[in-house]
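Asker: Okay, handing you the structure first.
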Amino acid sequence: MSKSEIPQSAERQARPGHVPFASLGLSPQLLKAVERLGFEETSPIQSSAIPLIMEGHDVVGQSETGSGKTAAFCIPAIERVDASVPSVQVLILVPTRELATQVADEVHKLAAFKKGLRSVPIYGGAPYERQFAELQRGAHIVVGTPGRLNDHMARNTLDLSAVRMLVLDEADRMLDMGFREDIEKILAAAPADRQTVFFSATISPSIQSLVRGHSREPKTVRIEQRVVTGPPLVDQVYYEVRHHAKFDALSRLIDFYDVKSGLIFCNTQQMVEELADALVARGCSAERLHGGMAQAQRTRVMSKFKNAACEFLVATDVAARGIDVNDLELVVNYDLPYDVEDYVHRIGRTGRAGRKGRAVTLVSGAGIYKLQSIERFTKTRIRREQVPSVEAVEDRRSGALFEKLRATLEGNGYARQAPVVERLLEQGYTPTDVAAAILHYFAAPLPPRSEAVDAPAPALQRERGGKPQGKPAARDHHRGAKKGGPKGGPRRRYGPGGQKQR
Ligand code: AMP
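Numbering-wise, my numbering puts 246 at position 235 of the sequence shown, and it's gapless, one number per residue.
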């Protein structure tokens, strides 16, 4: 692998729309939590919305799942709570049970260092008793579905008189689901001087009328996407996989294409750590690069990758800024980037210097909507492919092996090994047996079959380019590679002499 350098100045030095969390005036407790979560910089919706919400404005944020919108309202919500006062101070309305638990989970993580802060998810289909008990124990932040919240209000088990901030997450979806009346009742029951924050993927006339009726001089935050041209020589492909099958899918692709130099992007430091560990565990030579590492360490890793001393580099966008490598075989979006510019910048690491490159994006769940918006704003069609089957990996490998053996036979450099073969033949083994046994001894094992990868993704069945047919029940948050992690199985075996065998 030869990697030529491009001048450092040609790399983008700043990511517009992304700022350090430290510049937002957050409390040390929140900053510590954000750091522990491995968020290196804000996403664009966060840099626009957090300061406005923290200033106390009513805000309407137009933003989709996968944009980081949950943290955009959870961070100011947590900052707003006085944990010494035992009352519900923030109410977050969400359309589904899944979203209620996901948002409550995000609150929990972001409030990890806010002593005494309690939050509880309240949704239909779960027993009332536990919810009564939770509410009675005192919750500062309640995340709930409108129907069940109304039930609690009717039973006097939810007191909204101390609510300072009311958030409507995925407001368009709540209206689509027929929650308007429940929402109106909740909004009417909360104090009039509260702050109201709406997040919605679309701002339809019905959302506008809801906003008009229940907010005061709201500020609108919308992330304007520019059309950005992608690099012409990059073959762009995506694979739709279940979230927990991402690692298996990546492993198959590495084997299938016999990739020897790849840059893999993740959105958080944790994900970088977990993925790099998982790749190393399966026999790949992989290094990691993220903003949580000391500069000296980062420099060492970059030069290792540049000098082809490792095959894979797993990195965050922030840390990858300084990489001056320009003829990578493959770029992988293990996590979808937050904006189109990041996507284009990431994939521009391959397909340089007149060579053809390959950019692979793993998409799960609702990420498909984001991918469609990337297609729209790069004016490129990203081809959908199926993750290769174990048989396809095997076929490709045996084809490559055949070619290598034929070249070796033509080269005649193997004569010194002949005595071993002759001894085996003298013992009565057939030439075919001997040759097959040798191949078997040195061959790398095939990746295991994986139900998760081989089963079709539960995907949002949709017509390409058409309107999505129904939204997913749950959003797909990455919860680390562990579940789908190292079980991808070893990629390579080391032969008796300790050399890598492919
Ligand atoms: P959401 O759009 O809220 O569904 O967020 C998508 C995922 O991105 C969630 O798993 C978040 O934990 C994660 N996330 C949110 N903000 C950031 C950030 N600034 N950096 C990295 N990951 C983030």
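Here a beta-carbon is modelled for each residue, glycine too, at the ideal position from N, C-alpha and C.
The structure displayed is predicted, hence computed values, not measured ones.
Which stretch, first to last residue, makes up the alpha helix (DSSP H) that contains residue 211?
Answerer: Careful: residue 211 lies outside any alpha helix (DSSP H), inside the beta strand (DSSP E) at 206 to 211.
Asker: Does the count of Cβ pairs from the region 426 to 442 and the region 228 to 238 closer than 8 angstroms reach three?
Answerer: Result no; under three Cβ-Cβ pairs closer than 8 angstroms.
Asker: Counting only beta-carbon atoms, is residue 434 nearer than 8 angstroms to chain C?
Answerer: Looking at the structure shown, chain C is missing, and only one protein chain is on hand.
Asker: From what residue to what residue does the beta strand (DSSP E) around residue 193 run?
Answerer: Not the beta strand (DSSP E): residue 193 falls in the alpha helix (DSSP H), residues 191 to 200.
Asker: Under a Cβ-count criterion, where at least 16 other Cβ atoms within 10 Å of its own Cβ denotes burial, should residue 472 be classed as buried or exposed?
Answerer: In this prediction, residue 472 scores a pLDDT of 42, lower than 50, which makes its location untrustworthy; no coordinate-derived value is stated.
Asker: Under the criterion of a Cβ to heavy atom distance below 7 angstroms, does residue 77 qualify as lining the ligand AMP?
Answerer: True, at least one ligand heavy atom lies under 7 angstroms from that Cβ.
Asker: By DSSP, does residue 31 sit in helix, in strand, or in coil?
Answerer: Coil at residue 31, not helix or strand.
Asker: I want to check one thing, is the minimum distance from the CB of residue 82 to the heavy atoms of the ligand AMP below 7 angstroms?
Answerer: Yes.
Asker: Ignoring anything shorter than 4 residues or poking outside the region 24 to 88, list the alpha helix (DSSP H) runs there in chain order.
Answerer: Qualifying alpha helix (DSSP H) stretches, in chain order: 39 to 48 and 55 to 65.
Asker: Compute the minimum distance between the beta carbon of residue 322 and the heavy atoms of the ligand AMP, and state whether it is under 7 angstroms.
Answerer: Answer for residue 322: no, Cβ out of range of the ligand AMP.
Asker: Within this structure, are the beta carbons of residue 104 and residue 194 separated by less than 8 angstroms?
Answerer: Yes; because the gap between Cβ atoms is below 8 angstroms, this pair is in contact.
Asker: Around the C-beta of residue 320, are 16 or more other C-beta atoms found within 10 angstroms, so that it is buried, or is it exposed?
Answerer: Exposed, because fewer than 16 other Cβ atoms sit within 10 Å of the Cβ of residue 320.
Asker: So, under 8 angstroms CB-CB, residue 324 and residue 300 are touching, yes? Tell me the CB distance rounded to an integer number of Å.
Answerer: Going by Cβ atoms, the distance from residue 324 to residue 300 rounds to 6 angstroms, so yes, they are a contact pair.
Asker: For residue 231, which of helix, strand or coil comes out of DSSP?
Answerer: In this structure, residue 231 counts as strand in the three-state DSSP scheme.
Asker: Tell me whether residue 50, by its Cβ, gets closer than 7 angstroms to a heavy atom of the ligand AMP.
Answerer: Because some heavy atom of the ligand AMP lies under 7 angstroms away, the Cβ of residue 50 counts as near it: yes.
Asker: Between the C-alpha atoms of residue 29 and residue 176, what's the straight-line distance to the nearest angstrom?
Answerer: If you take the alpha carbons of residue 29 and residue 176, they lie about 25 angstroms apart.
Asker: Going by DSSP, which residues form a beta bridge with residue 323?
Answerer: Note: residue 323 sits in a beta bridge opposite 273 and 297.
Asker: Which same chain residues end up closer than 8 angstroms to residue 148 when comparing Cβ atoms and leaving out the 5 residues on each side of it in sequence?
Answerer: 129, listed in sequence order.
Asker: At a cut-off of 7 angstroms, is residue 278 close to the ligand AMP when judged by its beta-carbon and the heavy atoms of the ligand?
Answerer: True, at least one ligand heavy atom lies under 7 angstroms from that Cβ.
Asker: Any idea what DSSP makes of residue 285, helix, strand or coil?
Answerer: Residue 285 falls in the helix class under three-state DSSP.
Asker: Could you check what DSSP says for residue 511 in three-state terms: helix, strand or coil?
Answerer: The pLDDT assigned to residue 511 is 32, lower than 50, so where the model puts this residue is not dependable, and the model offers no usable value.
Asker: Where does residue 263 land, buried or exposed, given buried means 16+ other C-beta within 10 angstroms?
Answerer: Classification of residue 263: buried, given that the 10 Å Cβ count is 16 or more.
Asker: Distance check for residue 84 and residue 56, CA to CA, integer angstroms please.
Answerer: Using only the alpha carbons, I get a separation of about 10 angstroms.
Asker: Would the C-beta of residue 54 count as close to the ligand AMP, meaning under 7 angstroms from any of its heavy atoms?
Answerer: Result yes, Cβ under 7 angstroms from the ligand AMP.
Asker: Measuring only the C-alpha atoms, how far is residue 283 from residue 157?
Answerer: Using only the alpha carbons, I get a separation of about 37 angstroms.
Asker: In angstroms, rounded to a whole number, what distance separates the CA positions of residue 414 and residue 420?
Answerer: If you take the alpha carbons of residue 414 and residue 420, they lie about 10 angstroms apart.
Asker: Counting pairs of beta carbons, one from the region 104 to 115 and one from the region 133 to 144, are three or more of them closer than 8 angstroms?
Answerer: Counting Cβ pairs under 8 angstroms, three or more are found: they touch.
Asker: Where does residue 394 sit, in a helix, a strand or coil, going by DSSP?
Answerer: Looking at residue 394 - three-state DSSP - the assignment turns out to be strand.
Asker: By the DSSP assignment, the beta strand (DSSP E) with residue 102 in it spans what residues?
Answerer: Unbroken beta strand (DSSP E) run through residue 102: 101 to 104.
Asker: Do you know how far the Cα of residue 294 is from the Cα of residue 65?
Answerer: Computed Cα separation, rounded: 47 angstroms.
Asker: Would you check whether the ligand AMP has a heavy atom nearer than 7 angstroms to the C-beta of residue 181?
Answerer: Every heavy atom of the ligand AMP is 7 angstroms or more from the Cβ of residue 181, so no.
Asker: For residue 279 versus residue 42, is the C-beta spacing smaller than 8 angstroms?
Answerer: It is not a contact, given that the beta carbons lie outside the stated cut-off.
Asker: When the Cα atoms are used, what is the spatial distance from residue 395 to residue 150?
Answerer: So the two alpha carbons sit approximately 45 angstroms from each other.
Asker: Need the endpoints of the alpha helix (DSSP H) that residue 410 sits in, please.
Answerer: Per DSSP, residue 410 belongs to the alpha helix (DSSP H) from 401 to 422.
Asker: In chain order, what residues of the same chain have a beta carbon less than 6 angstroms from the beta carbon of residue 7, not counting five sequence neighbours either side?
Answerer: Because the chain is modelled from 12 through 513, residue 7 falls outside the range shown and cannot be assessed.
Asker: Identify whether residue 500 lies in helix, strand or coil by the three-state DSSP scheme.
Answerer: Low confidence applies to residue 500: its pLDDT is 44, below 50, so where it sits in the model is not reliable, and the reading given next is rough at best. Of the three classes helix, strand and coil, the one that applies to residue 500 here is coil, per DSSP.
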